[in-house]
Amino acid sequence: MPLQRTFVMIKPDAYERRLIGEIISRIERKGLRIIAMKMIRMSREQAEKLYAVHKEKPFFKDLVEFVTRGPVVVMAVEGESAVEVMRIMIGPTDGRKAPPGTIRGDFSLSIQENVIHASDSPETAEYELSIFFDEKDYV
Ligand code: CMP
């Protein structure tokens, strides 16, 4: 099993609902390692870059508004098969359909305000990490 790095973002709804500690705790308890982390207000430019693949979607404008409306926590997470493991932990996009035990399943009832984002492939992870971190940021 390969050692991988993935990009994770705790979204503004989770910040507003005081869920940051709970979410970080779940990632650590799983055995993954946080190798870089910061709380930021994402710029519109960063949001548009992060979600460039959704540019033509009807929800794109609302999505950019949402992720720039308050603080987010961005992090680089490392571990064996970290990309797939994080995706399993967060659950499907729609919080209403995400199974209990997943982060979205336990904390979201929304397809947009779904608490957390994690990269969907190693290639995407590399791209998304590069928006927020330099190689020197990794401990
Ligand atoms: P995320 O996994 O961060 O990737 C894209 C985000 O767009 C997604 O989580 C949701 O926050 C949002 N999203 C995806 N699909 C929809 C939709 N149909 N309507 C509104 N927002 C969506």
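Okay, so the sequence shown: first residue is 1039 according to this note's numbering, each after it adds one. C-beta: ideal position from N, C-alpha, C; glycine also. This structure is a prediction, so every number in the text was calculated from the model and none was measured.
| query | Are residue 1088 and residue 1116 touching if we call contact CB-CB under 8 Å? | reply | no
| Spatial distance of residue 1042 from residue 1123 (CA atoms) | 10 Å
| message | I'd like the span of the alpha helix (DSSP H) that includes residue 1162, first residue to last. | response | First-last of the alpha helix (DSSP H) with residue 1162: 1160-1170.
| Sub-8 Å separation of residue 1080 and residue 1155 beta-carbons | no
| task | Have a look at residue 1119 and residue 1044 and give me their C-alpha separation to the nearest angstrom. | result | 9 Å
| field | Sheet register partners of residue 986 (DSSP bridge) | value | What the structure shows of the chain is the stretch from 1039 to 1177, and residue 986 is not part of that stretch, so it cannot be assessed.
| field | residue 1151 versus residue 1167: straight-line alpha-carbon distance, rounded | value | The alpha-carbon atoms of residue 1151 and residue 1167 are separated by roughly 21 Å.
| task | Please go through the same chain and pick out, in chain order, the residues whose beta-carbon is closer than 8 Å to the beta-carbon of residue 1084, but skip the five residues on each side of it. | result | 1169 and 1170
| request: Could you check what DSSP says for residue 1039 in three-state terms: helix, strand or coil? | output: coil
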